[in-house]
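Student:
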Amino acid sequence: MREPTDEDYKWATEDWDKNRELHELLGLCWHEFSLGVAEYQYCIHCKKMSVYDFHANPDYAADPRLVLREMMKRADCCDFLLRANVLAGKHTMIGDLIHIDYMIEDTGKLRDAAIEWLKKEAADG
Ligand SMILES: [Zn+2]
C-alpha cells in the first residue's frame with residue numbers, strides 16, 4: 055500500500071468541505087469538538103453530539119442515500135430529483151426516480167447536485 059500524498063489529503067479535505075457545505079445548506083449542525091477540556095466533549099455548536107459518537111458528521115459522497123434521506127424531507131424534493139436526473143443525462147417526467155449512477159458512485163455526484171440545487175433555491179429566494 056502506498057503512502058498518502060499531498061494530493062490525497064487535498065482531495066480528502068475538499069471532499070469533507072463539500073460534505074459540510076451540503077450539511078449546512080440543509081440547516082444541520084456540522085458537529086465540531088474542542089478536545090482536551092471536559093465540558094467541551096460535546097459539539098461546540100449544538101451541544102448535542104458527543105465526541106464519542108463516531109461518524110458524527112455524514113459522508114454524503116460515500117453514501118448517496120444520506121443525500122436522498124435529507125432531500126426527501128424537503129417540499130421541493132421532486133423538483134430536485136428531476137433536475138439531478140437531467141444533470142446525469144437521464145430525462146424523466148417522474149419526480150421520484152433517481153438515476154442509478156448516483157447510487158453506485160461514491161464520488162459525491164448526488165451531493166454536489168444537491169449543493170447546486172440548494173444554492174440556486176437560496177439565491178432565487
Ligand atoms: Zn453539533
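If you count the sequence shown from 1, position 104 lands on 158 in my numbering, and the numbers rise without skipping. Glycine is no exception: its CB is placed at the ideal position from the N, C-alpha and C atoms. Here the structure is a predicted model, which means the values were calculated and not measured.
Please tell me whether N111 and R74 are closer than 9 Å, where the distance is taken between their beta carbons.
Tutor: Their beta carbons are under 9 Å apart, which means N111 touches R74 by this criterion.
Student: Cutting at 7 Å between CB atoms, please list the residues of its own chain near D160, excluding the five before and the five after it.
Tutor: For D160, where only same-chain residues beyond five positions count, the Cβ hits under 7 Å are A115, A116.
Student: Runs of 4 residues minimum, wholly inside the segment 107–147: which ones carry the alpha helix (DSSP H) assignment?
Tutor: The segment 107–147 contains these whole alpha helix (DSSP H) runs: 118–125, 131–141.
Student: From which residue to which residue does the alpha helix (DSSP H) around I152 run?
Tutor: No alpha helix (DSSP H) contains I152, which DSSP labels as neither H nor E.
Student: Taking the straight line between their C-alpha atoms, what separation do you get for A129 and C83?
Tutor: If I take the Cα positions, the gap works out to 21 Å.
Student: Let me know if H153 comes out buried or exposed under the rule of 16 or more other beta-carbons within 10 Å of its beta-carbon.
Tutor: Burial call: buried.
Student: Work out the CA separation of P118 and D155 for me, nearest whole Å.
Tutor: Rounded to the nearest angstrom, the two C-alpha atoms are 10 Å apart.
Student: How many Å lie between C97 and S104 at the Cα?
Tutor: Roughly 6 Å between the two C-alpha positions.
Student: If you measure from each residue's Cβ to the nearest non-hydrogen atom of ligand 1, which ones come out under 6 Å, in chain order?
Tutor: Going along the chain, the residues that qualify are C83, H85, C97, H99, C100, K102, M103.
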